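Residue numbers (this note's numbering): 20 to 139.
We treat Cβ as the ideally placed atom computed from N, Cα and C, and that holds for glycine.
What you are looking at is a predicted structure, and each value in this text was computed from that prediction instead of being measured.
For reference, the structure is listed below as structure tokens.
Have a look at this one:
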């Protein structure tokens with residue numbers, strides 16, 4: 020979630036992403052109950068993903084950051100990018116939003132796998 024905070028910040032890719040998704044900056048600033056719930060659920064989903072990824076890091080006995088980065092890349096390509104690309108084609112969302120969202124997932128997996136490998 021920390022990666023997302025930077026990735027989708029207005030100074031990095033947030034403004035471009037909001038424009039592609041047809042969102043208004045004023046509407047994004049409101050923190051209502053629904054937004055709080057979605058952040059909490061997102062946090063729990065991230066914890067679940069980290070837990071599962073920790074098992075894979077342990078199972079594959081990753082020992083170096085290079086191994087972690089390679090593992091994260093192949094995991095992203097085989098399980099994340101293909102699903103997001105399929106969704107993009109089916110829902111006709113802009114290709115640029117696919118690059119932004121999928122890039123975020125790749126960076127998140129690299130960071131998570133690297134931390135888990137380092138701690139392991």
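C-alpha gap between residue 82 and residue 137, whole angstroms:
7 Å
Assuming residue 126 and residue 36 are in contact, meaning their beta carbons sit under 8 Å apart, how far apart are those beta carbons, in whole angstroms?
In this structure, residue 126 and residue 36 do not form a Cβ contact; the two beta carbons are roughly 14 Å apart against a cut-off of 8 Å.
Three CB pairs or more closer than 8 Å across the segment 97-106 and the segment 51-58:
No, the segment 97-106 does not touch the segment 51-58.
Tell me whether the beta-carbon of residue 118 lies closer than 8 Å to the beta-carbon of residue 22.
no
So, using beta-carbon positions, are residue 139 and residue 76 closer together than 8 Å?
yes
Which residues in the same chain have their Cβ closer than 8 Å to the Cβ of residue 41, if we skip the five residues on either side of it in sequence?
If we look at residue 41 and ignore the five residues flanking it on each side, it has no Cβ neighbours.
Cβ neighbour criterion (16 or more within 10 Å) applied to residue 66:
exposed
Should residue 73 and residue 133 be called a contact, given that it needs their Cβ atoms to be closer than 8 Å?
No; because the gap between Cβ atoms is not below 8 Å, this pair is not in contact.
How long is the line joining the alpha carbons of residue 95 and residue 85, rounded to whole angstroms?
15 Å
Spatially closest choice to residue 64 from 20, 114, 52, 24, by CA coordinates
20
Alpha-carbon spacing of residue 106 relative to residue 80, whole angstroms:
32 Å
Could I get the ranges of all uninterrupted alpha helix (DSSP H) runs contained in the segment 48-78, with 4 residues as the minimum, in chain order?
52-78
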